[in-house]
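Shown next, in structure tokens, is the structure this report addresses.
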Amino acid sequence: MFATLQPFDLIIQPGWNNSGPRHWQSHWQRRLGARRVDNADWTHPLLDDWLDGLDAALDRCVKPALVIAHSLGCIAVAHYARQRPERIAGALLVAPADVERAFVPAELMNFAPVPRQALPFPAKIVASSNDPFCKTARAARLAGYWQAPITWLQHAGHINVDSGHQQWEEGWPLLRQLAWRAQRHLESRTVATATG
């Protein structure tokens with residue numbers, strides 16, 4: 001598991017209100033030695049501020065970066081990909097929040113509309129069959145927009161502490177698969193540059 005991740009720096013991109021100490025993102029941060037995005041305001045999220053926070057975290061990377069995002073953080077990654085796609089080697093997008101749904105909290109509206117472009121780096125979406133913040137049809141549509149394969153978890157809620165996902169080490173094989181794809185992608189880019 002860890003050997004697969006050696007070529008990368010790992011960035012934790014939480015969602016709205018950050019991820020508390022019992023959240024799986026916090027557990028992964030400790031176990032994997034990942035760096036967390038440090039946003040100015042987690043409670044009243046502003047897209048530009050969140051993009052600046054992700055950019056600052058990527059500035060501190062010395063290796064290609066894999067971003068591990070949850071909820072609203074997934075939407076931030078998709079927006080960031082439109083601006084500086086070369087800075088991200090791959091992204092694990094867990095339980096993306098639907099910021100275009102009816103009755104979405106007002107605090108999240110400035111993250112809409114969701115980018116419709118294919119992500120220019122390897123990505124993997126992990127979605128739940130009963131996520132209260134993103135219906136299955138919407139998660140599938142995001143996967144189509146972003147051209148990212150999707151893994152479905154059955155009855156996993158929002159894949160957070162409330163749904164019983166505290167350590168969530170079952171997700172590590174998905175991160176390992178993403179790292180493998182990202183490494184192949186980087187190698188193919190290097191070959192293309194050398195032969196071009």
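Residue 149 in the UniProt record's numbering sits at position 149 of the sequence shown, and the numbers go up by one each step.
Virtual Cβ for every residue (Gly too), placed ideally from N, Cα, C.
The structure presented is a predicted model; accordingly, all values stated were derived computationally and were not measured.
Spanning the alpha carbons of N130 and D162 requires a straight line of approximately 13 Å. In the structure shown, the three-state DSSP call for V126 is strand.
Runs of the alpha helix (DSSP H) lying entirely within the segment 53-88 and spanning at least 4 residues, in chain order: 72-83. In the pairwise beta carbon analysis, the segment 10-29 is classified as touching the segment 146-166: at least three pairs are separated by under 8 Å.
Within the segment 133-175, the runs of alpha helix (DSSP H) at least 4 residues long that lie entirely inside it are, in chain order, 136-146. The beta carbons of L92 and L174 sit about 6 Å from each other, so the pair counts as a contact at 8 Å.
Contact annotation, A65 with L58: C-beta distance approximately 6 Å; criterion of less than 8 Å satisfied. Per DSSP, L46 lies in no alpha helix (DSSP H) and is assigned neither H nor E. Put simply, of Q13, R31 and A89 the residue whose alpha carbon is nearest the alpha carbon of D52 is Q13. Nearest C-alpha to A127 among F121, Q166, A69 and R176: A69. Per the coordinates, the alpha-carbon of G20 lies some 12 Å from the alpha-carbon of W42.
Between G33 and L178 a beta carbon distance of about 17 Å is seen, past the 8 Å cut, so the two are scored as non-contacting.
When the five nearest sequence neighbours on each side are left out, the beta carbons in the same chain lying within less than 8 Å of the beta carbon of P45 are those of W16, N39, L72, E107, L108, N110 and F111, in order along the chain. In this structure, DSSP gives A182 a helical state, which the three-state scheme calls helix. A76 and D49 have their C-alpha atoms roughly 10 Å apart. Residues of the same chain with a CB within less than 6 Å of the CB of A139, apart from the 5 flanking positions on each side, are A127 in chain order. Residue pairing from DSSP places G90 in a beta bridge opposite L66.
Ranked by Cα distance from V67, the first of L47, R116, E169 and K124 is K124.
Counting along the chain, Q13 sits inside the beta strand (DSSP E) bounded by residues D9 to Q13. Excluding residues up to 5 positions away in sequence, A81 and P85 lie with their Cβ nearer than 7 Å to the Cβ of P120 in the same chain. Per DSSP, the unbroken alpha helix (DSSP H) holding Q29 starts and ends at W24 to L32.
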